[in-house]
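Report on the following structure.
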Amino acid sequence: AQSVAQPEDQVNVAEGNPLTVKCTYSVSGNPYLFWYVQYPNRGLQFLLKYITGDNLVKGSYGFEAEFNKSQTSFHLKKPSALVSDSALYFCAVRDIPPAAGNKLTFGGGTRVLVKP
Amino acid sequence: KAGVTQTPRYLIKTRGQQVTLSCSPISGHRSVSWYQQTPGQGLQFLFEYFSETQRNKGNFPGRFSGRQFSNSRSEMNVSTLELGDSALYLCASSLGSGAGSTDTQYFGPGTRLTVL
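Protein chains in written order, with our numbering: chain A, 25 to 140; chain B, 12 to 127.
Here is the structure:
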């Protein structure tokens, strides 16, 4: 069965510093990988995805993620964090080929706190 | 283009009652998935509908059911509510291609269900 791990419950970073949110995955085949962000009392907002190709994926709001197949990781990064980046971040995976449809398996989430 | 909409946004029910939640996908999207989000269990997949057919189902009891209409709108129903059903229920829509698709799921704001 596929799984996703986000080893850090919370990440604290000063505004302007680089931000990294870690994600590792386990799937039986090649993965589709996603990052979502959730602000308080809101749904999940799509940031970026890796399907195939370049291991460095660029997404919304200055975020990017690096796919590393040998380490089964898909860490989310932002070169310079903003206070407004404070939110809950989720990594998710979908198998290729999908067993059926669009089921996403999520990690437990990482809370990011960016301090001024 | 309007995003995914969910109604109602908040619900308060008592144990033993039943509840119906509604989801309208992004125009042109044919796949609708439902997820339950709780502090203890995180984000868990409930089911996915595509072309009015359930395409995939998560590990939830039969009290949880859903359906999809010909206009792709979806409803989920929870019967005989239990305290543990208190959660944020999220709906996500995607274009809904076949196996191997690279579709992104876009989430609605969720329905916050409280069971007393």
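Glycine residues also receive a C-beta, built at the ideal position from the N, C-alpha and C atoms.
Values in this document were obtained by computation on a predicted structure and should not be read as measured data.
- At least one CB atom of chain A sits nearer than 7 angstroms to the CB of B:Leu54.
- Taking every protein chain shown into account, the CB of A:Lys102 has 16 or more other CB atoms within 10 angstroms, so this residue is buried.
- Collapsing the DSSP output to three states places B:Gly119 in coil.
- Annotated as distal: A:Leu71 and A:Gly86, with beta-carbon spacing of 7 angstroms or more.
- A distance below 6 angstroms between beta-carbons, with the five flanking residues on each side excluded, links A:Pro42 to the following residues of its chain, in chain order: Pro103.
- At a cut-off of 7 angstroms, the C-beta of B:Ser44 has a neighbouring C-beta in chain A.
- At a cut-off of 7 angstroms between C-beta atoms, A:Arg135 does not count as an interface residue with respect to chain B.
- Within the DSSP bridge table, the entry for A:Tyr60 names A:Phe70 and A:Phe114 as partners.
- Secondary structure at A:Val107: helix, using DSSP grouped into helix, strand and coil.
- The alpha carbon of B:Ser35 has as its nearest neighbour, out of B:Arg66, B:Gly51 and B:Ser81, the alpha carbon of B:Ser81.
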